[in-house]
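Take any residue in the sequence shown, note its place counting from 1, add 1151, and you have its number in our numbering.
Glycine residues also receive a C-beta, built at the ideal position from the N, C-alpha and C atoms.
The structure presented is a predicted model; accordingly, all values stated were derived computationally and were not measured.
Inspection log for the structure reproduced underneath, given as structure tokens.
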Amino acid sequence: MIDAVVFDLGGVLIELVGAPVLGAATGHSEDEVWRRWLTCPWVRRYETGGCSTDEFAAGMIDAWELDQNPGEFLEAFRAWPRGLFPGAAELVESLRPRAQLALLSNTNALHWDGQRDADRVQALFETAFLSHELGLVKPDREI
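Structure follows, in structure tokens:
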């Protein structure tokens, strides 16, 4: 018997377009963007709640050598989560009668609260373990 189902958000329930957008801005392949993203100190700081949104934007512009100002970067960054994949909410809801539903996601306050389907996503889960609230990120063992 399954008592709980724990979902991730990005690329699982929500479409993300960050890697192609950042790749286009930097000339890096999607694979290289993901490698750099997962090891970038500014990403880690922001997604563990260790810096402000403005500090994150300035740090990313510097670290990735982006030709943008912080406002431009944040406007683009805010749009990286494109919303729920078709059928994702229905899939999660179909499990509700049989299991506790939880979420474990590397995310940040800007995306958690500001994504297109924020209210709908947040209502899907009884429990949400969010990296920016926990101070921990996947794939670190501690999380």
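Which residue marks the beginning of the alpha helix (DSSP H) containing Leu1261, and which one marks its end? 1260-1265
Going by beta carbon distance, what residues of the same chain come within less than 6 Å of Phe1236, once the five residues before and after it are set aside? Glu1166
Using a Cβ-Cβ cut-off of 8 Å (strictly less than) and excluding sequence neighbours within five positions of Arg1249, which residues of its own chain qualify? Ile1153
Under a Cβ-count criterion, where at least 16 other Cβ atoms within 10 Å of its own Cβ denotes burial, should Val1168 be classed as buried or exposed? exposed
Using 8 Å as the Cβ pair cut-off and three pairs as the minimum, do the region 1249-1267 and the region 1277-1285 touch? yes
Taking the alpha-carbon positions, what's the Ala1176 to Val1184 distance? 10 Å
Leaving out the 5 sequence neighbours to the left and right, which residues in its chain are closer than 8 Å to Leu1217 when beta-carbon positions are compared? Ala1176, Thr1177, Met1211, Phe1224
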